[in-house]
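> What follows is a structure written as C-alpha cells; I'll ask about it next.
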Amino acid sequence: MQFELLKTDEKTKARAGKITTDHGVIETPIFMPVGTVASVKGVHQRELKEDINPDIILGNTYHLYLRPQTAILEKAGGLHKFMNWDRNILTDSGGYQVYSLAANRKIKEEGVKFKSHIDGSYHFFSPENVMEIQRSIGADIIMAFDECTPYPCDYQYAKRSLAMTHRWLDRCISHLEKVPPKYGYSQSLFPIVQGSVYKDLRQQSAEYIASKGADGNAIGGLSVGEPAEEMYAMTEVVCDILPKDKPRYLMGVGTPINILENISLGVDMFDCVMPTRNARNGMLFTSQGVINIKNKKWEDDFSPIDPDGHTFVDVQYTKAYLRHLFAANEYLGKQIASIHNLGFYLWLVREARQRILAGDFSIWKEQMIRQMTTRL
Numbered sequence: 151m152q153f154e155l156l157k158t159d160e161k162t163k164a165r166a167g168k169i170t171t172d173h174g175v176i177e178t179p180i181f182m183p184v185g186t187v188a189s190v191k192g193v194h195q196r197e198l199k200e201d202i203n204p205d206i207i208l209g210n211t212y213h214l215y216l217r218p219q220t221a222i223l224e225k226a227g228g229l230h231k232f233m234n235w236d237r238n239i240l241t242d243s244g245g246y247q248v249y250s251l252a253a254n255r256k257i258k259e260e261g262v263k264f265k266s267h268i269d270g271s272y273h274f275f276s277p278e279n280v281m282e283i284q285r286s287i288g289a290d291i292i293m294a295f296d297e298c299t300p301y302p303c304d305y306q307y308a309k310r311s312l313a314m315t316h317r318w319l320d321r322c323i324s325h326l327e328k329v330p331p332k333y334g335y336s337q338s339l340f341p342i343v344q345g346s347v348y349k350d351l352r353q354q355s356a357e358y359i360a361s362k363g364a365d366g367n368a369i370g371g372l373s374v375g376e377p378a379e380e381m382y383a384m385t386e387v388v389c390d391i392l393p394k395d396k397p398r399y400l401m402g403v404g405t406p407i408n409i410l411e412n413i414s415l416g417v418d419m420f421d422c423v424m425p426t427r428n429a430r431n432g433m434l435f436t437s438q439g440v441i442n443i444k445n446k447k448w449e450d451d452f453s454p455i456d457p458d459g460h461t462f463v464d465v466q467y468t469k470a471y472l473r474h475l476f477a478a479n480e481y482l483g484k485q486i487a488s489i490h491n492l493g494f495y496l497w498l499v500r501e502a503r504q505r506i507l508a509g510d511f512s513i514w515k516e517q518m519i520r521q522m523t524t525r526l
C-alpha cells in the first residue's frame, strides 16, 4: 500500500491524499460505507458502484466470522469475489463488537471468549486467530485486535487495557509474518490507538503505534458516548503524533459535522452506520440540514430531496414521493433514503477534498456546519 499526501490546508490540519492498493486508488478524505455482513444494508452492489461510487467499503470481522463463516469465504476466493466487489475493502478487528457484547464476553490476556448473538455458541478471539480470520476474509486493509474501552472509563482500567492492546498488537504483527495473504494480493495492517479520553494515555498509545511503522494507523475507542468536544480533543492529540506520511482512520465516526471537524484535525478515513441506519428511520442528511421525511409537511412537497439540488440516484425523487413510500411501508423508500444518505456522505468528503486542494476548506467547512445544524 502507498499513500501520497497531496496538500495540507493552510488554516487547518485538513489533508488531501491518495492511497493506492492492489484493488485501486482511494482518494482521501474518504467515507467508507459499512457492509457489515458482505452487504451495505438496503443497497444493491450496482447502485453502490454507479450512484454512490465509493473507492472502499468496510466489512465486519466478527459478523463474517459467525456468518457465512471463513470456510465459505475461502471457498469463494475471499470476500471480494463472494460479494462481487472489485474495489477496496477494509475489515475491522472485531474489537468493537466484543466491546458491545459486554454482558456476554470475558477478556483475558490470551484473548476474548464471547457468546454468539446468533445462536448463543461460545467462541474465542485472540490476536493470532483474528489475523488468520482477516487473512481468510481477504480485505485490503485489516485491523489489529484491540480492546475498545467504554465511556466513561476509569483511568486505571484504561491504562491496563491500553497496555494489553499494545501487547496484542505485537502479537498481531508477529503472527502476520507467519501467515501470508491467501488470494494473490497484499494486505495492510493498521494498528489502533486507544486510551479513552485521557490525554497522556492517548499520547503514549499514539507514540507506540507510530513506532511500528505500519502502512496506516487507526484511532479507536471514540464515538462511544463521550461528548463531541472530548472526541475532537483526543483526535487532535493523536493526529499531532501519528506520522504525516501515513493515512489516519478514525473508526466509527460519525455525523456529517463530526466528519468535517475531524477532517480539519487531520483525519483521512471514516466509517459509520449512521447514514443507512438513519435512512431506514426516515432521517435524511442534506446540504441544507436534516429532514425527517415521515413528517406530514412533506406530503405535498414536490421539490427534490436535497434543497440544493444534489441528487445521488439516476432518477430524481421528490420529498412527497419518498414520504409516501415510508407511509406505505414500501421497502423502496428505505432503499432510496439509504442511497441518498450514503451519496450525501460521499459528496461531503469529496467536496471537502476539492476545497482542501483549492485552498478554501476552512471557509466552506464553517458554512456547511451552519447549514447542517438546521432541522428542515
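Residue numbers (our numbering): 151 to 526. For every residue, glycine included, the Cβ atom is placed at its ideal position computed from N, Cα and C. Fair warning: this is a prediction, and the values are worked out from it, not measured in the lab.
1) For Tyr481 versus Leu240, is the C-beta spacing smaller than 9 angstroms?
2) Taking the alpha-carbon positions, what's the Val343 to Leu475 distance?
3) In three-state DSSP terms, what is Arg317?
4) Going by the DSSP bridge assignment, what does Leu216 pair with across the sheet?
5) Between which two residues does the alpha helix (DSSP H) containing Arg500 stretch?
6) Skipping 5 residues on each side, what residues in its chain have a beta carbon closer than 6 angstroms to that of Pro331?
7) Express the C-alpha separation of Gly493 and Gly483 in angstroms, rounding to a whole number.
8) Verify whether the separation of the beta carbon atoms of Cys422 and Gly404 is less than 9 angstroms.
9) So what's Val440 in DSSP terms, helix, strand or just coil?
10) Kindly list the residues whose CB is nearer than 7 angstroms to the CB of Glu282, restricted to its own chain and excluding five residues on each side of it in sequence; keep chain order.
11) Based on the DSSP secondary-structure assignment, which residues constitute the bridge partners of Gln306?
12) State buried or exposed for Leu156, treating a residue as buried only when at least 16 other CB atoms are found within 10 Å of its CB.
13) On a Cα-Cα basis, can you pick out the residue from Arg165, Glu260, Asp172, Gly185 that is closest to Met424?
14) Contact defined as beta carbons within less than 8 angstroms: I believe Thr299 pairs with Ala313. What is the distance between those atoms, to the nearest angstrom?
15) What is the DSSP secondary structure of Lys263, reduced to helix, strand or coil?
16) Under 9 angstroms, do Ile441 and Val193 count as touching if we go by C-beta distance?
17) Please confirm whether Glu516 has its beta-carbon closer than 9 angstroms to some beta-carbon of chain D.
On the basis of the data shown:
1) no
2) 43 angstroms
3) helix
4) The partner list for Leu216 (beta bridge, DSSP) is empty, contrary to what the question assumes.
5) 481-508
6) Gln337
7) 15 angstroms
8) yes
9) strand
10) Val329
11) Beta-bridge pairing links Gln306 to no other residue.
12) exposed
13) Gly185
14) Contact flag wrong, Cβ pair sits at about 12 angstroms.
15) strand
16) no
17) Here there is only one protein chain, and chain D is not present.
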